[in-house]
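Q: Below you will find the structure I want to go over with you.
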DNA sequence: TCCTGCCGAGAAAGCGATTTCTCGCAACTG
DNA sequence: CAGTTGCGAGAAATCGCTTTCTCGGCAGGA
């Protein structure tokens, strides 16, 4: 079994020194072809596998990165996780997940702890306030921040241009004659929520005819479901369209509206965000903003790999969401 | 920074030996309270954090387990992952995910590679044929297999009693006067699919009045969506109910049927499996079989921990799914 | 022909913990 | 009072690699 075979055994069997075995295995320097052959044979015969623990100790590297997310149940994060994971795997890296379950105060501890086990970490949509986050990020060092703008930190960031996306969505709705729009806000500490709201504010400022009301909500299915009452109140008050924090919220809302017999998009247009796989299969199919999750994940890995390799990088990369107009939004009737 | 502080530094600062520092940190043996105080102070002052790499080398343990899944996009696996992850975290363990993306032939390599980095692995719904799986499992050793029955392997298994669940579902439909039922099968290599089919066969055998047709399908949203034609053909042929491989498939099917103007449950009853969060929010809310994902995950961890601790365990644990009758199934009209 | 330089391979020194071994000292027994 | 016995703490070995150091041999230049 590979378990107990050490490099010493291989060396002995091949009749060479451990150093040579190591050289062969790592392709360092030039080694006598004969020795190479001997070593390879010995390795094969013994079924030798280098101990990763020993290797990490001496190299100070793990070949593992951590991804810290606020909620693994969110399809957006799942998509990014998968993207990072696939890209990293191609370079022999694995990823370890840590779910903070939206507990802001666990974020630091969790991230720090994860960092101990890994060569780098990707912080997904951290909920921490700016100053604490900046401090944290400094201690995490090889780190990339996803979906959270953080000024004044020498850290690569990759995110989604929610502000612009939401403006696009508003434009879409305005094009459909909607003027009174309700917005279902996400978690208060979510930076991407703030970005969305910023976009909303910009849109409102640009078009005085608009009347947008922001309602507190959340990020999950049941949040959307529970928001139905508030939405109905807005509708009674003249709102004809709703922009939900994300697709999950939108789908939850859709379900609740259906129960109440509200027709979407006849009585009310509803739009989401993220274009999760289910969005296209909703009732009705959901108008939403599509974000390239997998590609984003790949980009994150590419940055991360650079940092691990010692590069320094503090660029910010913003993906532009693309409007996916489907049946849940329609011209005001 | 914790990065460069070693136990030697702490020892020096505290004026004691490394051994004592180690003892204090691990709470082994009894140490002079005075020394304990010194060490703690030195640790705090230096901001010392033990190197996990060094620790793993000497202990031969990682405090990390791997979870290998065929598709992270599946909410069932996400739920189990979360369950395992939370339970493991409570014991200071982290989990590393490896997604084989339904590539059967990568399963062995992926699992083996993951095992190298971890103290144990949980194999989720492996698609490997029995003999290869048995061989693999032997090499993985501390391992628990989820959602796959594997006879003749000394390995704990935890799963879901799909056969019984599906019989329950059939009973439910029969109670609603359905006799001709279409079944959308999952991935061919999926063991849980085989279990479901076994349940179907049993139900059919028990009730000669039943006429159940199995259609090939898949495990994802679009599989269900794409199955609509086949389902319609069955319906034209007299089928009045459909049992989908899982909720994702059911939801995809629902979407396609809606496009076609088929009324569910009026024209056709549809049931799923797993009770994913979205099931209750479908149109109509989906009748499904609920499985306790988080609890299952916790059980998996509990088994795993035992194994890591050296216990031997080859019990099989089967969770009984619970019928969640909702609006997508109704009496045949 | 002799010296310098280079190259390849083995010996040995870490990497940073844990754990066994050893030893001194105090307490306990007969 | 002498001879264990026990206990606490430091020294050193160990885990399994990588990498530097060292040295012998061989080729090229003077």
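Residue numbers (the numbering used here), protein chains in the order written: chain A, 52 to 384; chain B, 52 to 384.
Ideal Cβ placement from N, Cα and C applies to all residues, glycine included.
1) So for residue 210 of chain A, helix, strand or coil by DSSP?
2) How many angstroms separate the CA atom of residue 205 of chain B from the CA atom of residue 181 of chain B?
3) Is the CB-CB distance between residue 241 of chain A and residue 176 of chain A below 8 Å?
4) Going along chain B, which residues have a C-beta under 8 Å from residue 150 of chain A?
5) Determine the contact status of residue 298 of chain A and residue 339 of chain A, defining contact as a CB-CB distance below 8 Å.
6) Considering only residues of the same chain and omitting the five flanking positions on each side of residue 378 of chain A, which have a CB-CB separation below 6 Å?
7) Just verifying my parser: in three-state terms, what is the DSSP assignment at residue 363 of chain B?
8) Cutting at 7 Å between CB atoms, please list the residues of its own chain near residue 53 of chain A, excluding the five before and the five after it.
9) Can you tell me whether DSSP reads residue 150 of chain A as helix, strand or coil?
10) Should residue 121 of chain B be flagged as near chain A, meaning a C-beta pair shorter than 8 Å?
11) Below 8 Å, can you find three or more Cβ-Cβ pairs linking the region 196–215 of chain A to the region 356–369 of chain A?
12) Using a Cβ cut-off of 8 Å (strictly closer), state whether residue 332 of chain A contacts chain B.
13) Compare the C-alpha of residue 198 of chain A against each of A/118, A/310 and A/92 and name the closest.
14) For a contact meaning CB atoms closer than 8 Å, what does residue 201 of chain B contact in chain A?
15) Does DSSP classify residue 294 of chain A as helix, strand or coil?
16) Give the secondary structure of residue 322 of chain B by DSSP, where H, G and I count as helix, E and B as strand, and everything else as coil.
17) I think residue 120 of chain A touches residue 172 of chain A, with their Cβ atoms under 8 Å apart; what is that distance to the nearest whole Å?
18) Does DSSP classify residue 78 of chain B as helix, strand or coil?
19) Is the beta carbon of residue 253 of chain A less than 8 Å from the beta carbon of residue 261 of chain A?
20) Keeping to the same chain, check which residues put their C-beta closer than 8 Å to that of residue 137 of chain A; ignore five residues upstream and five downstream.
21) Using 8 Å for Cβ pairs, my map puts residue 258 of chain B next to residue 234 of chain B. What's the rounded Cβ distance?
22) If you measure beta-carbon to beta-carbon, which residues of the region 268–286 of chain B are closer than 7 Å to chain A?
23) What are the boundary residues of the beta strand (DSSP E) that residue 334 of chain B is part of?
24) Under DSSP, the beta strand (DSSP E) around residue 112 of chain B begins and ends at which residues?
25) Can you check whether the C-beta of residue 315 of chain B is within less than 8 Å of a C-beta belonging to chain A?
26) May I ask which residues mark the beginning and end of the alpha helix (DSSP H) holding residue 282 of chain A?
27) Could you round the C-beta distance between residue 293 of chain B and residue 265 of chain B to whole angstroms and report it? I think they count as a contact, below 8 Å.
28) Cutting at 7 Å between CB atoms, please list the residues of its own chain near residue 157 of chain A, excluding the five before and the five after it.
29) For the beta strand (DSSP E) that residue 232 of chain B lies in, which residues bound it at each end?
30) Hey, is residue 168 of chain B's beta-carbon within less than 8 Å of any beta-carbon in chain A?
31) To which residues of the same chain is residue 243 of chain B closer than 8 Å at the C-beta, ignoring the five residues directly before and after it?
32) Relative to the C-alpha of residue 125 of chain B, which residue among B/269, B/279, B/319 and B/356 is closest?
33) In chain B, which residues lie less than 8 Å from residue 309 of chain A when you measure between Cβ atoms?
34) Measure the C-alpha to C-alpha separation of residue 68 of chain B and residue 165 of chain A and round it to an integer number of angstroms.
35) Please report the distance separating the alpha-carbon of residue 155 of chain B from that of residue 122 of chain A.
36) Where residue 190 of chain A and residue 113 of chain A are concerned, what is the direct C-alpha to C-alpha distance, given to the nearest angstrom?
A: On the basis of the supplied data:
1) strand
2) 14 Å
3) yes
4) 133, 136 and 137
5) yes
6) 335 and 336
7) coil
8) Because residue 53 of chain A carries a pLDDT of 44, less than 50, the predicted location of this residue cannot be relied on, and no value is offered for it.
9) strand
10) no
11) yes
12) yes
13) A/118
14) Residues of chain A passing the Cβ test: none, with the nearest at roughly 21 Å.
15) strand
16) strand
17) With 8 Å as the limit, residue 120 of chain A and residue 172 of chain A do not qualify as a contact, their Cβ atoms being about 11 Å apart.
18) coil
19) no
20) 345, 348 and 349
21) Contact doesn't hold; Cβ gap of about 15 Å is too wide.
22) 272 and 276
23) It is not in any beta strand (DSSP E) - residue 334 of chain B carries neither H nor E in the DSSP assignment.
24) Note, residue 112 of chain B: premise wrong, no beta strand (DSSP E); not H, not E.
25) no
26) 279–287
27) Actually they do not touch by this definition, with Cβ atoms about 11 Å apart.
28) 151
29) 231–235
30) yes
31) 176, 198, 199, 210, 211, 213 and 237
32) B/269
33) 334
34) 29 Å
35) 29 Å
36) 18 Å
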